[in-house]
Every structure is written in structure tokens, then in C-alpha cells.
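> First the structure, which I've put down as C-alpha cells, then a few questions once you've had a look.
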Amino acid sequence: MKLKLFLKQSIKDFIIYWPLYLTFTLFLTFAASLSLGLISFASSFFKDVDDSIGLTTSKNALFKPEPYTVMVPEKDDYTQQEKEDLPIYHFFLDTIEYNKEGEFWNGLKRFNSPQLPEENIKNIYKYFASNSGNISHLKQGYLTELDSNLEVINKYVDHIAYVFKWKFKTNNIQLAFILNQYLNSNSTKKQIENFYFQFYRQNAFNVKMKNVPRNGSLEYLATNEKMGDIHQGYYGDEIVKQIVNFPEGETKITNFSLFQSNDFNRVNFQSSINFQSEQFKNYLDRTKEEFGMFFYLQPRVANDLNLKLGEKYSVNTWYADRTKDYQMVFAGTILNPDIWYRPTDLHLYVPLQTVNKLLYEVRIPHLNNSFQNYWNSAQNVFSNQLHLHFANKNNVEEGQKYFSNWFETNMMTNLKPGLNRSGLQSSTFWAHEDLGFTTTSMMQLVILVSIVVIIFVLILLFLIFFFISQQIILLQQKSLFVLKSMGIRNYELSILNTSALIFPTLISFSLSTFGALMVQSILTQMTYDILNFHHSFWTMGFPFIISIICLFGVSIIGFFVISLLIMNSDVLKISGMGVVKSISNVQMKLKFFTRRFNSKVRLGLSFAFQNVYKNLISYIMLTLSFTILFFAFQFNTSVNYFNYGYEQWNAPYKSIKFNHWLPEFVEYEKEKPIIDSYQNIDVKDLEKYKKLDKVFWKQAPDKIMETLTNGLDKAYIPKATVLAFLNNVSENPKNYEQILNQMDSIFVQNKGSETFKIKNLLKPLIDKLINFRKQFPTFDGINIMFGKVVGSRQASNVNQGKQMGVYAKVGVDRSERTITFIGFENDEFSRRHFEHDVNSEGVVKRKLINGEQTTLKNQWALNASINSSYAKRNNLKIGDEFVVKVNVGVGQPDGSNSEPEAIYHNVIARVNKVLYSDSSSFQFVYVPQASLFSYLEKITQDKKHISEKFGEIAKNINQANPVYVTNSYFSKSIIPMQLEYWTLPIYKSTNGSDKAGSNINDYYLKNHFESYINNVGAYVMIFSKMTEAQIILTRPLSGMIGIAIVMSGAIAVLVSMLITILILLENRNTILLFKIIGYKKREINKYLISGYLVSMMFAILTSVGIVWILLGQMGPTIQDIFYFNLVISFQWTLGFVFLVITSLLSFFILINFAISTYTRMQKPKSLL
């Protein structure tokens, strides 16, 4: 009966005080949704990373082959030289069995050519070394004594490549040398300590799947013991029968252990067919036709394509004019270190045997079906790099340092120790850009943020539990006192009190299940944007289920414990019931100090003092809520600054094409003048140039030829003509041949001997423009300029249309990283934009580092600014030096009559400033044009002709009316200036050095011309597109922060409402008393809200301070996580000020409304 009465009273209170319970239910729903969503997502992210790249076993070193010299140091061109005992060379000879009457000589007998002496073999090997160790065909002119028999020599090269592919699955000698260390790890004298290598995404072979609109590629599947004959490395009987000279007894692929799964080359099968079943057992049986004809996919791709496990799908391969279809079984899904998701790509993971089979069979009509051709048709599994894992090294720094020491001890000598102070193969930049490390860092950040948010939420939760429990007890104080007087113990009363919240708690956790799945789904979509992981909306793993049970249990137990603590206090004792209660000393002193105040002030102060405890708690809880909100907003502001920073930095310009393929000059012979490849003109100057438009091409052939052979330097083809021509060719492909034939007839009639060259010039250019038109339907033509770079140069300032011009080149640093080298002009806008100090020295004298020998080229350094991303990736600081290999001009090799080649210079740059304004994730080096060419003049004194040219360029730039070598202009249009006015460079001077560019033949130099037109659309930067790419890069962070902003805002509102309701309920009698003694509603509201308003203002100020400190402490840590330079800092922005003011006003209005409504509803008669 006693408990029945209490339960009735609880139900009555639940109905009467529904606002309290409703607000509590909503708060608990939001809090549980956020906590459970973060826990579930973090745990699934953790598991996905563990199943793919692993949590502990990770790559900690990278080997990237670089050119090296053998025996004869060439310090200007090479960084490294093979050790004196020639370990790699001897390994090369052993691999091809040169010193034995065996494989090498037997393989060469069919060439009917005399044996190659070792001196020639060594020279061929030197050529491979100069090509980074890649076994490739020799070029004409490399060794004059071999030129006469180059075709046979290159057949030898094919044979050598076959041997390396057969034994090591690569045609790179350096890579094979390291792989050999792995294969002979127990017997090699100079072995590396225990290590693994990784072969994912080394190379691929294109295929197509029927009805799948994606670019397909075959990827190598690491095999395990369950794969039987596949895992043992058997070829498969079908292939063996096709090859006439298959080696007797060769049933297994040599060194197949390279492709067997281990802790590093891990494969986690998410789903798979049963290869032991009758239906699929033939796929692992080498005697069967189906052997190896299956593929696996990543989970996300399989979900996109909706393929059915165990079904056969048509896979198409092609080579030249031949295609071949195969029926392959979809065997299941896997997770492996290849975690990069590309929505347009399709990676089919198949065994090595299957890749080789498909490559070989589609090429059979073009090959002799020999064992050598089987391996020569195979892809290089290892080509341009090798990721390594050293089991005894804890991180990248340790692993890379160990490998660098081993590399210099056993393979190479460092020819430039001064500029490679940390050693060969020592750079760790790759780890900052590696998707695996970025993903692991993102996972760690997700877990860190999840833990912090969950802790905040739990603190809020238990504080709310405390006040809710206290208020429920106070509301039922008399009933509980009576029950306790009747012998009911405190823990029983606590159970009864807890039962009052079971119903809203059950509702909250039911709703929070869906809320948590929504949070998890949003975070998954954003974080997994570029990852191969996949989870459906209803993914509720074991951690999710355990978390919801634990959180529910913790909530109930926590509420019970808090209730019990309150029950054990004075609240249910006579002193707590207000029957006998003494006045405290503080109250007496307050009464004394306020005795002279009027009654309203004294009552107000008394009311405020009575509620100071509640207001203090309100302050603490609001501080927590506002801290989460402000932290999330500030974090998001920093991310947005990073995303939009590069675009805003370049405003008002919207795009640029870095025309680095445009050569500055061409040098043929030292006694002849150097030819300038282009000149800069203003866009207004085009009025003086002849338009080669439709009217021009309708003229008589002799008039056309006159312009093309004598006046082309003062002419251009307008974009309307180009567009009309492309539309004509696209709509009527037959017109293409007719036009070419017409051009042939013109040149045959006038310059018959030049016909072939002219056609070579026109056809690849037209083909490129046609492809450009197909790729970009909005393409509206392009003005074709002959030896002229067009820009808006004559305008006085940017507002009047002046374009900022730069000299752009792409270089390579010692780590083989691509660098965009920018030489800017000396105008005021450029100096301000690139933060250049006109008083700083451009070229400085170097102090040589210990071990560095003085040469002509290392005495000077070029002062340069670098962007923050490049500084971060290389750990460069002010005063540090680095080397960039830059191509400037085209010249003819000494003592050679071959075609001119690109001239490369090793530029020693010294960091003068780090441009944090440039927030792009690319690598940029900025220098004044005059400084660059002054530097080049100094380091090329041994080549007087070139040095004088550089000096002339520098002098022209420094004169009163500077003449720049600008090749790229920033554009205010989304179409870059150099795509609107495309420049054909001058390579020759057919009509004499003073008329270079006047003849159409001047614009053709076979290899250079073709490379140039192939890059017409390359290195185009549209700044808005770069912003979009940055947004995608940071979307996981932005998504998480966005959720935090919404959730923390909602929680802050609910917490405020809860606290307000609790204060109002506790002060109900006081409110009624105020009304009875004549206080107006406005005055009562003022007393009620004043304490809350003060606590809210202090909470906002405290939150701002906490966020300031947090970002200051966490900013550097977060910045170190990513390879891009994401700077997290506290910033006073209008948006943040608006958020603070809005938060203050919104909460004030909300609470004022709640208090006013509640006060109006209270009637004195309710006390009766």
C-alpha cells in the first residue's frame, strides 16, 4: 500500500512536470546519440584500419631508384655512385649468368651475333645505371661503337629484361638487388635485418568489365595457404602447353614467395566463395582450365557494382588491334593496404598467374610463343619504388635512417655529402603524403575527439542526473519522509526514485539508437570519401551493442547512486524538512549589510543568494556546452581558412596555366646565335598581327605559303577559326584527311622536301585539339600564337586589367619530389603578393659544408621563398639549403650532332622566407626572375655561350623598362590566359637568325614539339577547383566538426532548459510569495533571470578562454598529423563574434520566455 501510494504520486508528478521530463528525454537522446555514434564510428574505423593497413605493422622506409654513375664520378649530374667493389654490377652479371656457359649465352645464340665482350656489357650496364637502374633500350648516340649494331644490342637488352622479370618480377636492377636480399635473408653476407616489402599499386594492367562504366585494372592478390596450387606458385598446365620452349621441370614460378601473404602484405577476406566446394574447386587446380580465373574486389566497389558472390562476369583485355574476353568468377571482397577509393576506377585483385595469362594470351599474335616472351609481356610488379617494413624499427625515422645507412654501406657512395647531410635514401617526406599514414592519423584524431566529446557528455549527463534526482526528491520530499518514517530504507527509496526515470530513459535510448546510426552514417560518408571501406546504415557491430547496454546500465546505476547519496543527506531528516532550521552566519551577515536597503532590493538579494548554488552549476554546465560549441566553430573556421586560403590569396585572379614546357631558348652550336623561343606581347598588340582566319585559308596557295614561310612571326590563328575547324572535323571526319591532303598539295607545290615535316607538325597538333574538344564540350576555341606569349601587360594596375606574370618551371628535388619553380616579375603587386623584400640579396655566397669540395656550381646559393607545405614536408627552416633540378632552355650535347635536349641545372636554393599565405598542398619555390638568371649566369661560367645568355636575360630584366621572360599569366577568367592564347615555341631559324619564327618549319623539333603539345592542358590551376579539392581533403574533419556544432548547440539549449525548469520548480513557492505581496510579473522575472544571465555571460567568457588555451595547445599537435599545412588557431572573426552575441541573445530570449510563461501560469490559489 505504501509503495502503491508513492508510485501513484510519481505518475502524478510525471504528468504535472512533463516539461521537465520531456526536456530530460530530449537531452538524454541527443547525448546518447552523439556518444554512441562516435563510439560506433570510431570502433568501425579502428577495425577497418586494422583489417587493411594494420595498427602496428606499417611501412617505415621507402626505396626510390635514382640515377647513379659507375666508377667515373660525374658530380654535376649525379648524386650517387656505385660502391668501389661494384656489388650491383656483379649481382647484375650473376643474374643474367654472364660468366657461365648457361642462360645468358644460350639465350643469345638465336641472334646469330658474336658474343658481347664484358666491356660492352659494362657500358650497357652504365646506361641502365644512368636510367635509375631500369633495363631499357639504348638510344642512338649513347655509344658510337654500338650504334651500327643497335637493333641487335636492344635484342640483348630484351633478353636481359626477360631474365630479371623471370627471376625478380621487375626490370629495375636496384629493386631486384634489394628483393634478392629478402629472398636470401638467411644466407646473404650483407643482408638487411628482417624486413618485408609491399607490392600494392606498383603497376596495373587495364581491363574492362562488361556493362561496368569504369576503368578496370588487374591488381596482384597476395595468396595464402588455403589457395593450394595458386599459393605454391604453379604456372598452370594450360599456359605450359602454349609455350613451345617451356623449361623442362619448371612447374613453379621462380621466387613466388614474393607474392605470398605476410604480416605486411596482408589480405583480410571480408567475404569469399568456398574453394573447397564442388562448384569452385577447379579454380585452385592447376590442371584445370578455370585455374586462377577469379577476382576479388574491395567492399565499397562491390557494393557500388552490386555484384553477386560466385557469379561469372565478362572481363575484356586488349592489346593493339586484338581483344580477348574471359569469364571470371567474383570470389568475394577483401581489405588490404590498397585503401584509396577512386569512383571511376575498378581494381580486380587476381593471382599473379592470372595477370600473366591475360597479358600473354592477348599478345600471342604479336609475339613468338616463347618462355622469354611470356615474361617480357608480363607487367613489372615492382617498378619505381619499394615500401619496406623493418620489424625492429618503431617508426619511419628509425626505419628510413637504418635503410639509408645500409644503402650507403652496401650499394652507393654519396657524391654530394654536403647537400645530402642526412644521407642517400633518407628522406621521410613520403610518410607525410602517404594515404595509409594519413588514414591512421585521421583514425587517431577521430578516437581522440570521440573520447573528449564523450567525457564532456558524460560529465553533463551525471550533473543533469544529480539535479533531476534532487528535484524529484524535493518534489516528493514529504511523501518520501513519510515512507522513511514507516521503515522504508534509503536504497529502497532510491530504487523508487530511479524508477521515475526508467520510462523516459527507455524512450531516450530507443530514439538514440537511430540517432547514433545517423551520426555514424554521416561520419562514415564524410570520412570514407576517398577510402575503400564500406558500411551500410544499419551497421551495428559488437562495440555498438556493448556500448548501448553499458551506457544504459551506467545511466540507471548512476541515477540510483546519485539518488542514494541525496537520500543519505539531510534532505529526508527533520532539519532538511524545514521544521527546525537555524539561520547561517552568512545569512546573518548578509542581513546586516543589507539592512538599510529597501525591501525589494533586500528580497532580490535574498533570492539571488538562495539560488547562487543553482546559478553556479548552471555556469559550469553552460561553460562545458559553450566550450564544445566554440571549439567546434573555431576549428571549422581554421579548416575553412585552409580550404579557401589559396583561392583568396590569388584573388582577384581565378586561374593560371604554368607553361613550364615552353623553352626559353634553343642553342645549336656555340658559334651560332642562341634562338629565343618566344617573346612577350600585350593582348592589345594583336591588332597589329595578321589573322590566319577563314579568309586567309581561301587565298591562293602561293599567298598562303608566303605567310607561312616568311611572315608567321607576325601572325596568329584566331580562336573562332580553330573552333570552326574542330567542329567541321568532328561532324565530318572525312574532312580531316582532305584538309591534310590540301596542306600536302600546298607544300609539295612550294616546298616538296619539307612535306613530311609539315605533316608531322600539323597532325599531332590537330589530334590534340580534337581530343581537347571531346573532353571539354564547353571549349570555345583557342588562339594559336607563333612564338608569342600573350598577356595584359600594359595596364597600369590590377584593377585596370593588368595580369601578374611569372616564369614557371617544374623542377625535381633530391627526394624526386616535383617542385613548381616560380620566377616573378619586379612590379609592386608581384613583390607584395610574394612578400619579397627588395633590399634582400638575390644571390649569396655559400659557406661550404664539411666534406663538400669547392666547384664552380656550389659556391653560390639562390635566396628563395617557399610555401608552407614544402617547408613542412622537408622540415625546412630559414637559412636551410636544398637542391632543385630545373630545366632552362634547350641545347645540343657537347660533341654530338643529335637533336638538342633540355638543359638542366642543379639550383642550390636557400630558404629566405616561408610563405604561409600560400596554403596549397603543392610544392612551390618563389624567386625574382632577375635573381634566378643572375644565379644561372654564375654557375654556368664553364659554358660561356649559355652563361652570356643568362647574363643578357638578367640585364634586360634589371633595366628601367624591364624585358621579362614570363611564360605564364594569371587570369581573372576561369580559363587561363595560356589556354586562351596558346604559344607554339620557336625551335629553329630557317630564314636566318634575325628572322627566327618567320617560317612554319621553325616550330617543329620532333621530340620536343610532341611533348609540348601533349602537355597543352597540363599544369592548369583553377583556384576554385583547388578549393573544392581541399574541401574533399578536409571533409572528414569538417563533417565531424559540423556534427559537433549541431549536437553541442542542441545540448546547450536542452541543458539550459533543464536548469531553468529545475530553478523554477524549486522556487515555485517563492514566486507565489512574490505575487502575494504585490510584486509585478516583470519584477519577478528580473529576479529570476538576473542570476542566470550573469552565469551565462561568465560561461561564455570562460568558454572563450578555454577554447583559446585548447587551440593553442592542440594546434601544433593537429598540424603535425597531416602532410598538408593545416594551421589550427583561435581567430577573432565577425562570424565568431556574431556566434557569441547570437548565443547570448538566443539563450536570454529563450530563458526569458520560459520564465515569463511559467510565472504567468502560477496562481496564489494553487497554494490552497
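FYI, in my numbering the residues of the sequence shown are -19 to 1148.
Glycine residues also receive a C-beta, built at the ideal position from the N, C-alpha and C atoms.
Computed from a predicted model, the values in this text were never measured in an experiment.
(1) Would DSSP call ALA788 helix, strand or coil?
(2) Apply the 10 Å Cβ neighbour rule to PHE494 and answer buried if 16 or more other Cβ atoms are within range, or exposed otherwise.
(3) In angstroms with no decimal places, state the Cα-to-Cα distance between TYR1138 and TRP(-2).
(4) Quick check on LYS119: buried or exposed, where buried means 16 or more other Cβ atoms within 10 Å of its Cβ?
(5) Given this structure, state the Cα-to-Cα distance separating TYR508 from LEU1013, to the nearest angstrom.
(6) Take the Cβ of THR1007 as the centre, count every other Cβ of all protein chains shown within 10 Å, and call the residue buried at 16 or more, exposed below.
(7) Would LEU0 be called buried (16 or more neighbouring beta carbons within 10 Å of its own) or exposed?
(8) If ALA109 sits next to VAL50, beta carbons under 8 Å apart, how far is it from one beta carbon to the other, in whole angstroms?
(9) Name the DSSP bridge partner or partners of LEU895?
(10) Put GLN958 into one of helix, strand or coil per three-state DSSP.
(11) Quick one: Cα of LEU14 to Cα of PHE1133, how far?
(12) Assign ILE1153 to one of two classes, buried (16 or more other C-beta atoms within 10 Å of its C-beta) or exposed (fewer than that).
(13) What's the gap between the Cα of ILE746 and the Cα of PHE362?
(14) Using DSSP with H/G/I as helix, E/B as strand and the rest coil, what is MET520?
(15) Suppose the cutoff is 7 Å on Cβ atoms and the five residues either side in sequence are ignored; what does the same chain contact list for PHE517 look like?
(16) I need the straight-line Cα distance from SER116 to THR59, nearest angstrom please.
(17) Kindly identify the DSSP beta-bridge partner or partners of VAL702.
(18) Does the pairing of the segment 186 to 203 with the segment 261 to 268 give three or more beta-carbon distances under 8 Å?
(19) Could you check whether the segment 915 to 926 touches the segment 844 to 861, counting it as contact only if at least three pairs of C-beta atoms, one from each stretch, sit closer than 8 Å?
(20) If LYS768 and GLN659 are in contact, beta carbons under 8 Å, what's the gap, nearest whole angstrom?
(21) By Cβ distance below 6 Å, which residues in the same chain neighbour ILE1135 in space, the five residues on each side in sequence not counted?
(22) Just list the alpha helix (DSSP H) runs in the segment 956 to 1011, keeping only unbroken ones of 4 residues or longer that don't cross its boundaries, in chain order.
(23) Between which two residues does the beta strand (DSSP E) harbouring LEU42 extend?
(24) Return the chain-ordered list of same chain residues with a C-beta closer than 7 Å to the C-beta of ASN548, the five sequence neighbours on each side being excluded.
(25) For the segment 179 to 241, list the beta strand (DSSP E) runs that are entirely contained and at least 3 residues long, ordered along the chain.
(26) For a test of the three-state rule: what should DSSP assign to ILE888, helix, strand or coil?
(27) Could you give the distance in angstroms between the alpha-carbon of LEU252 and the alpha-carbon of GLN1010?
(28) DSSP state of ILE654, grouped into three classes?
(29) Can you pull the DSSP bridge partners for GLN307?
(30) Who are the near neighbours of GLU46 in its chain, counting only those whose CB is closer than 7 Å to its CB and skipping five residues on each side?
(31) Of the residues LEU6, THR504, LYS893, which one's Cα is nearest the Cα of SER848?
(32) Count the other C-beta atoms from every protein chain shown that fall within 10 angstroms of the C-beta of MET1155, then say buried if there are 16 or more, exposed otherwise.
(33) May I ask you to report which of helix, strand or coil DSSP gives MET30?
(34) Taking the beta carbon of GLU230 as the centre, do at least 16 other beta carbons fall within 10 Å, making it buried, or is it exposed?
(35) Give me the residue from LYS827, ILE846, ALA844, SER845 with the minimum Cα distance to ASN838.
(36) Report yes or no: do the segment 521 to 531 and the segment 3 to 23 share at least 3 C-beta pairs separated by less than 8 Å?
According to the structure data:
(1) Three-state result, ALA788: strand.
(2) exposed
(3) 13 Å
(4) exposed
(5) 11 Å
(6) buried
(7) buried
(8) 5 Å
(9) ASN847
(10) helix
(11) 28 Å
(12) In the structure as shown, the chain begins at -19 and stops at 1148. Residue 1153 is therefore absent and cannot be evaluated.
(13) Going from the Cα of ILE746 to the Cα of PHE362 covers about 37 Å.
(14) coil
(15) LEU497, SER501
(16) 21 Å
(17) Paired residue(s): none; VAL702 is not in a bridge.
(18) no
(19) Because the criterion of three Cβ pairs below 8 Å is not met, the segment 915 to 926 and the segment 844 to 861 do not touch.
(20) 6 Å
(21) ASN1065, LEU1068, ILE1069
(22) 957 to 960, 986 to 994
(23) 41 to 43
(24) Apart from sequence neighbours up to five positions away, the residues of its chain that approach ASN548 with a beta-carbon distance below 7 Å are ASN470, ordered along the chain.
(25) 185 to 189, 195 to 200
(26) strand
(27) A small fix is needed here, since residue 252 is Ser in this sequence, not Leu. Roughly 37 Å separates the two Cα atoms.
(28) In this structure, ILE654 counts as coil in the three-state DSSP scheme.
(29) SER294
(30) THR59, GLN60, SER112, GLU796
(31) LYS893
(32) Because residue 1155 is not part of the residues shown, which for the chain are -19 to 1148, the question remains open.
(33) The question names Met, yet the displayed sequence has Asp at residue 30. Of the three classes helix, strand and coil, the one that applies to ASP30 here is helix, per DSSP.
(34) exposed
(35) LYS827
(36) yes
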